[in-house]
Amino acid sequence: MPDVSRVDLTPAAADLLRRLREAHGPLMFHQSGGCCDGSAPMCYPEGEFRTGSSDVLLASLSVDGVAEPVTFWIGAGQFELWRHTHLTVDVVPGRGGGFSLEAPEGVRFLIRSRLLTDDERAALGD
């Protein structure tokens with residue numbers, strides 16, 4: 456089985472990340488259960504949101520045209536609820552969280568999810 460990831464990006468999300476990277480430098484996401492029923496990941500300059508022992512690094516996402524990976528963190532409590540879920544970061548029209556970098560762009564990041572397959576769960580050690 457090829458490498459399995461808990462997180463992927465749609466082409467629209469990757470395009471937006473390339474533009475945000477050009478304007479703001481290296482990037483990161485943080486997903487918590489406190490906003491929009493947990494469906495809106497927040498995008499920050501890498502390191503601006505301080506992660507700690509209550510956060511889980513889900514993925515380091517490669518984006519064509521971006522030198523470094525975009526890290527994707529999730530709160531530990533949210534991870535426990537979503538541990539058997541594959542997340543896809545997408546972009547939709549509308550205003551996102553005021554602290555997320557895409558807010559001025561007139562779009563917002565959104566999580567689309569599905570259950571991991573049995574093969575994916577096995578590959579991830581779940």
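Position 82 of the sequence shown, counting from 1, maps to 537 under this note's numbering, and the rest follow consecutively.
Ideal placement from N, C-alpha and C gives every residue a C-beta, glycine not left out.
Nearest Cα to aspartate 470 within the set Asp574, Asp573, Gly549 and Val521: Val521. Proline 548 has Val562 as its beta-bridge partners, per DSSP. Annotation for phenylalanine 554: Met497 and Tyr499 place their beta carbon closer than 8 angstroms to its own, counting only its chain and skipping 5 residues before and after. Nearest Cα to threonine 506 within the set Ala578, Ala478, Ser487 and Leu556: Ser487.
Bounds of the alpha helix (DSSP H) holding leucine 536 are 531 to 537. Boundaries of the beta strand (DSSP E) harbouring alanine 514: 510 to 516, taken from the DSSP string.
The continuous alpha helix (DSSP H) containing leucine 471 extends over residues 466 to 479.
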